[in-house]
Amino acid sequence: MKKKWASIVSAVILVGILASVAFADSPIKLIVNGQEIKPDVAPQIINGRTMIPIRWVAEALGADVLWDEHANAVRINSSQCPIYKPLSKEQIETIIQTQGKHKDSYYFDGLSYDFVNMDDDADWEIVAKIDGAVHLGNFFIFDKDSSGDYKLITEQEWKVEEWDFRNPIEIDGNKLFKLVTRTGGTGLDIFNAHLVYLKESNFLEAWQGTLFERSVMLSGAYYKKVGSYQFDAEGERLYAWETTCQLERDGLTPKGEFKTTATVYLFDGQKFIADKVTTKEKIADEIPYLGMRHIEPEYQVRFVENELDLLFLPYDNARVQRKIMPNTLVQVNDLVEVENECWLYVTVPVYDTPMNMKGWIKESDTVPFTKDKERKVQSDVTIKAGTLIYEVWNFADISEDLAQELRSDTRGRLSEKREGFARISAPGGWEFWVKEKYIVFPKAQQ
Ligand SMILES: [Ca+2]
Numbered sequence: 060m061k062k063k064w065a066s067i068v069s070a071v072i073l074v075g076i077l078a079s080v081a082f083a084d085s086p087i088k089l090i091v092n093g094q095e096i097k098p099d100v101a102p103q104i105i106n107g108r109t110m111i112p113i114r115w116v117a118e119a120l121g122a123d124v125l126w127d128e129h130a131n132a133v134r135i136n137s138s139q140c141p142i143y144k145p146l147s148k149e150q151i152e153t154i155i156q157t158q159g160k161h162k163d164s165y166y167f168d169g170l171s172y173d174f175v176n177m178d179d180d181a182d183w184e185i186v187a188k189i190d191g192a193v194h195l196g197n198f199f200i201f202d203k204d205s206s207g208d209y210k211l212i213t214e215q216e217w218k219v220e221e222w223d224f225r226n227p228i229e230i231d232g233n234k235l236f237k238l239v240t241r242t243g244g245t246g247l248d249i250f251n252a253h254l255v256y257l258k259e260s261n262f263l264e265a266w267q268g269t270l271f272e273r274s275v276m277l278s279g280a281y282y283k284k285v286g287s288y289q290f291d292a293e294g295e296r297l298y299a300w301e302t303t304c305q306l307e308r309d310g311l312t313p314k315g316e317f318k319t320t321a322t323v324y325l326f327d328g329q330k331f332i333a334d335k336v337t338t339k340e341k342i343a344d345e346i347p348y349l350g351m352r353h354i355e356p357e358y359q360v361r362f363v364e365n366e367l368d369l370l371f372l373p374y375d376n377a378r379v380q381r382k383i384m385p386n387t388l389v390q391v392n393d394l395v396e397v398e399n400e401c402w403l404y405v406t407v408p409v410y411d412t413p414m415n416m417k418g419w420i421k422e423s424d425t426v427p428f429t430k431d432k433e434r435k436v437q438s439d440v441t442i443k444a445g446t447l448i449y450e451v452w453n454f455a456d457i458s459e460d461l462a463q464e465l466r467s468d469t470r471g472r473l474s475e476k477r478e479g480f481a482r483i484s485a486p487g488g489w490e491f492w493v494k495e496k497y498i499v500f501p502k503a504q505q
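Okay, so the sequence shown: first residue is 60 according to this note's numbering, each after it adds one.
This is the structure in structure tokens:
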């Protein structure tokens, strides 16, 4: 196996300072926000430029560093920039009042905001949302213009229930972010997923689909719709499906047949458009009948003991997303019955890129996560901050001189055990050894 961690350590950033030769003999200090950081590889001056191991800087700033093998790239992800908070809540309220459509009528008690770099320029945008009531809210994005002022580039009448700025989907050079909005009214409740992005300061929506919809508006015509989607980064395709069922008078109990539709979308450079040919001919052949009955799962996690394929859709021979490694604990998002077989829509721990981490597996290929399974878990285990770790690849190279304290709680896969030590494969291809007794295993509920 390739020493992936070595690539990370050797990935460096250039500090735009022409270092003086006079300092070359004494070690170069790395100070982040006033605190000295001691990286495993000391900063060095090479050709008059100061080179610093990037992991140490990025993690000190609260970001995750990932080694993306497919793209041959180092990815640094941060949901927020802890040092970059250029505006206070009051200042953001003022900007919203000045530029928003509704001026003084915003409910600022429900305001939350973040600074996110949604595109590829140097500036961080402000994303803000106001939770007004169950179905009411506002969503804003402000972009920094050339004079340094924040300018409103979109305002949506959206009640944003959930936003994820940490795991963008990259397509055609755009970073797509997922938002979940909630709309409805008396007797109607709808959750929609939106994939949005910024391009040249324009706010664009690449796709929108239903995640959940319940209608108890018209007597005798109650229904529930449950949907989801899956993204195929390699094929630049989006698979979406929706199941509708009628409900009894109690507005909860399903009755009658379930109707499921699946659609394939292709990215046309701006948005996802339904690929009618593929959908009609290919999917119709692939999924002659995909009647999914949704069941409320009685558990939140399941244990996968043997290697398993994570599939795009809940049927045998569906496209494979990735492999699930043995002894992995998976998060259960959904449970459906397809042709008398139970399928789970799960999230699996990943260590390469935060993509294609959701998919379908059969419930019968998993077992309940019980107390006796706790110590069998290989993915994920946690190593607590302050634990001594040894950042070497070979067990034989471990020495007390190399011991260093782990800087933050780290999750990873327990890949190998040797003489009381364990090798942990952490996100970003980062490998280190730790004494086995310091491994924190997940706890079973039962
Ligand atoms: Ca930006």
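C-beta: ideal position from N, C-alpha, C; glycine also.
Item to complete: Just the C-alpha distance for Gln359 and Asp424, rounded to the nearest angstrom, thanks.
Response: Taking the Cα positions, Gln359 is about 16 Å away from Asp424.
Discussion item. Suppose you measure from the CA of Pro98 to the CA of Pro373; what does that come to, to the nearest Å?
Written reply: Put simply, the backbone Cα of Pro98 is about 46 Å away from that of Pro373.
Discussion item. Considering only their Cβ atoms, is the gap separating Phe236 from Val255 smaller than 8 Å?
Written reply: Yes.
Worksheet item: Among the residues of its own chain, which have a CB less than 6 Å from the CB of Gly246, if the five just before and after it don't count?
Response: In the same chain as Gly246, and ignoring 5 residues on each side of it, the C-beta atoms closer than 6 Å to its own belong to Val275, Met276, in chain order.
Worksheet entry | At least 3 beta-carbon pairs within less than 8 Å: the stretch 382-389 vs the stretch 420-439 | Taking 8 Å as the limit for Cβ pairs, the verdict is that the stretch 420-439 does touch the stretch 382-389.
Discussion item. If the criterion is Cβ atoms closer than 8 Å, does the pair Gly286 and Trp266 meet it?
Written reply: No. Outside cutoff.
Worksheet item: Helix, strand or coil: which one does DSSP assign to Val116?
Response: Secondary structure at Val116: helix, using DSSP grouped into helix, strand and coil.
Worksheet item: Is there contact between the stretch 186-198 and the stretch 209-228, where contact requires at least three CB pairs shorter than 8 Å?
Response: At 8 Å Cβ cutoff, the stretches touch.
Practice prompt. Name the two residues that bound the continuous beta strand (DSSP E) containing Thr387.
Written response: Where Thr387 is concerned, the enclosing beta strand (DSSP E) stretches over 387-397.
Worksheet item: Is any heavy atom in ligand 1 found nearer than 7 Å to the beta carbon of Asn415?
Response: Checking every heavy atom of ligand 1 against the Cβ of Asn415, none is found closer than 7 Å.
Discussion item. Closer than 8 Å is the cut-off here; do at least three beta carbon pairs connect the stretch 461-469 with the stretch 443-451?
Written reply: Yes, since at least three Cβ pairs between the stretch 461-469 and the stretch 443-451 fall closer than 8 Å, the two stretches touch.
Discussion item. For a test of the three-state rule: what should DSSP assign to Arg378, helix, strand or coil?
Written reply: Collapsing the DSSP output to three states places Arg378 in coil.
Worksheet item: So the alpha helix (DSSP H) Glu152 belongs to, where does it begin and stop?
Response: Glu152 -> alpha helix (DSSP H) spans 148-158.
Worksheet entry | Proximal residues to Asn365 (C-beta, below 8 Å), its chain only, five neighbours per side dropped | So the list reads Pro385, Asp424, once near-sequence residues are dropped.
Worksheet item: With Leu170 and Glu152 assumed to form a contact (beta carbons below 8 Å), what rounded beta-carbon distance in angstroms separates them?
Response: Yes, they are in contact, since the Cβ atoms of Leu170 and Glu152 sit about 7 Å apart, within 8 Å.
Discussion item. Going by beta-carbon coordinates alone, are Ala333 and Thr319 separated by less than 8 Å?
Written reply: Not closer than 8 Å, so no.
Worksheet item: Is DSSP giving Glu495 helix, strand or coil here?
Response: Glu495: helix per DSSP, three-state reduction.
Practice prompt. State buried or exposed for Asn106, treating a residue as buried only when at least 16 other CB atoms are found within 10 Å of its CB.
Written response: Exposed is the call here.
Discussion item. Let's test the definition: count the other Cβ atoms within 10 Å of the Cβ of Gly279 and tell me whether it reaches 16, buried, or not, exposed.
Written reply: It is exposed - the Cβ of Gly279 has fewer than 16 other Cβ atoms within 10 Å.
Discussion item. Could you check if Glu184 belongs to the surroundings of ligand 1, using beta carbon to heavy atom distance under 7 Å?
Written reply: Checking the Cβ of Glu184 against ligand 1 gives yes.
Discussion item. Which runs of the beta strand (DSSP E) at least 3 residues long sit entirely within the stretch 188-257? Give them in chain order.
Written reply: With a minimum length of 3 residues, the continuous beta strand (DSSP E) runs that stay inside the stretch 188-257 are 196-203, 209-215, 219-230, 233-244.
Worksheet item: Are any of the Cβ atoms in chain C nearer than 8 Å to that of Arg378?
Response: Of the protein chains in the structure, only one exists, and it is not chain C.
Practice prompt. Kindly indicate which residue of Asp375, Lys88, Ala132, Val239 has the alpha-carbon position closest to the one of Gln103.
Written response: Cα-wise, what sits closest to Gln103 is Lys88.
Worksheet item: Is the CB-CB distance between Leu146 and Ile185 below 8 Å?
Response: Remark: C-beta atoms of Leu146 and Ile185 approach each other more closely than 8 Å.
Practice prompt. Report the rounded CA-to-CA distance for Met110 versus Ile498, giving the unit in angstroms.
Written response: Per the coordinates, the alpha-carbon of Met110 lies some 33 Å from the alpha-carbon of Ile498.
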